[in-house]
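Please read the structure below before turning to the comments.
Protein chains: 2
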Amino acid sequence: VVVSAWRWIRFAEEVEPRGSLVWAQAGEALPFTPQRFFLIHGVPDGVVRGAHAHRELHEVLVAVAGEVTLELDDGCEQATVVLDDPALGLYLPPPVWRTQRRYMPGSMLLALASHHYDPDDYVRDHDEFRRLVGP
Amino acid sequence: VVVSAWRWIRFAEEVEPRGSLVWAQAGEALPFTPQRFFLIHGVPDGVVRGAHAHRELHEVLVAVAGEVTLELDDGCEQATVVLDDPALGLYLPPPVWRTQRRYMPGSMLLALASHHYDPDDYVRDHDEFRRLVGP
């Protein structure tokens with residue numbers, strides 16, 4: 008049985024009149040040391056991105072601007088989650104099937120990833136994902 | 008003689024009708040493996056932040072939203088630089104004296120740092136910085 012795998016990470020945050028600081032460190036709030044980061048932005052309304060899972064890759068996703076809606080499936084639980092707070096990270100260990108369902112205009116998603124890019128780590132076939140997570 | 012230390016990093020970027028993806032990997036475009044990240048936002052116009060240098064810490068700074076003006080000094084060269092492109096990182100090896108001179112409204116700065124937070128790594132006294140970079 009695969010238990011619900013994703014979880015929210017509340018980053019450290021200092022909110023002051025001279026500005027807000029959000030931060031996290033590897034091995035602490037960040038469950039891994041990032042080997043890659045990426046930013047996704049300029050996604051038109053109605054465009055759905057990133058329906059896939061990973062075999063080994065861990066990710067932390069943060070909506071640094073706007074609001075991004077994701078659909079998640081870890082094999083036994085499905086959820087729709089909304090990222091809309093730069094101080095909140097969504098930790099996705101493998102294998103979680105994730106779909107970027109909607110970007111509100113002006114949104115930007117920051118992803119920190121545990122490994123370099125590897126096309127073989129992507130599971131893009133949902134039937135394969137079902138076999139991976141098992142009965 | 009300390010040579011000009013900072014440099015710009017043009018991240019890989021895929022600009023498509025369904026959205027833009029910006030990315031970089033440790034040991035490649037990213038000169039180090041990040042142990043910490045932070046986000047600075049909500050800085051009112053007129054507020055100046057972060058006048059300091061680091062002894063050992065390397066950083067890459069990215070304006071993920073808006074426009075952030077920095078002043079830099081590596082001991083032999085001074086410059087004012089503007090970060091306004093999520094696909095462009097500013098690499099600051101130690102020791103560079105940096106001042107966050109101005110955040111345009113709605114701006115957010117992403118920093119990736121080579122080490123965990125260490126208050127002893129900060130040089131906050133400009134005379135000490137001058138001694139550090141030498142004649």
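Sequence lines, in order, name chains A and B. Numbered according to my numbering, the first sequence terminates at residue 142, and the numbering increases by one at each position without gaps. Numbered according to my numbering, the second sequence terminates at residue 142, and the numbering increases by one at each position without gaps. Here a beta-carbon is modelled for each residue, glycine too, at the ideal position from N, C-alpha and C.
Asked, Found
"Residue span of the alpha helix (DSSP H) that contains glutamate 143 of chain A, given as start and end", "Nothing in the structure corresponds to residue 143 of chain A, since chain A is present only between 8 and 142."
"Reduced DSSP category for aspartate 80 of chain A - H, G, I as helix; E, B as strand; rest coil", "strand"
"Buried versus exposed call for proline 120 of chain A [16 or more other C-beta atoms within 10 Å across all chains shown]", "The residue asked about is misnamed: residue 120 of chain A is alanine in this sequence, not proline. Buried is the call here."
"Neighbourhood of glutamine 85 of chain A by C-beta distance below 8 Å, restricted to the same chain and skipping five residues each side", "Glu78, Leu79"
"Minimum Cβ-Cβ distance from tyrosine 129 of chain A to chain B less than 8 Å", "no"
"Buried or exposed (CB count within 10 angstroms, at least 16 for buried), proline 41 of chain A", "buried"
"Element boundaries [beta strand (DSSP E), containing alanine 33 of chain A]", "No beta strand (DSSP E) holds alanine 33 of chain A; DSSP gives it neither H nor E."
"CA nearest to the CA of aspartate 91 of chain B, picked from B:Met115, B:Ser27, B:Thr106, B:Leu99", "B:Met115"
"Inter-residue Cα distance where the pair is phenylalanine 136 of chain B and valine 88 of chain B", "20 Å"
"Pairwise C-alpha distance: aspartate 127 of chain A and leucine 64 of chain A", "11 Å"
"Contact list for valine 56 of chain B against chain A, beta-carbon separation under 8 Å", "It is worth fixing the name first, because residue 56 of chain B is arginine in this sequence and not valine. By Cβ distance, chain A contributes Arg25, Gly26."
"Beta-carbon proximity list for alanine 33 of chain B, same chain, < 6 Å, skipping 5 on both sides", "Thr40"
"Burial state of proline 24 of chain B (16 or more Cβ within 10 Å)", "exposed"
"Per-residue contacts from histidine 59 of chain B into chain A (C-beta, under 9 Å)", "Ordered by position in chain A, no residue passes the 9 Å Cβ test against histidine 59 of chain B, which lies about 14 Å from the chain."
"Contact set between valine 75 of chain A and chain B, taken where Cβ atoms lie within less than 7 Å", "None at all; the shortest Cβ gap to chain B is about 11 Å."
"Below-8 Å beta-carbon distance, glutamate 66 of chain B vs any chain A residue", "no"
"Limits of the unbroken beta strand (DSSP E) element including glutamate 66 of chain B", "66 to 72"
"Inter-residue spacing [alpha-carbon to alpha-carbon] between histidine 134 of chain B and leucine 46 of chain A", "Rather than histidine, the amino acid found at residue 134 of chain B in this sequence is aspartate. The straight-line gap from Cα to Cα measures roughly 38 Å."
"Sequence-distant residues of the same chain with beta carbon closer than 8 Å to valine 140 of chain B, five excluded per side", "Val9, Asp81, Gly82, Cys83, Pro102"
"Where glycine 49 of chain A falls, given that 16 or more other Cβ within 10 Å makes a residue buried", "buried"
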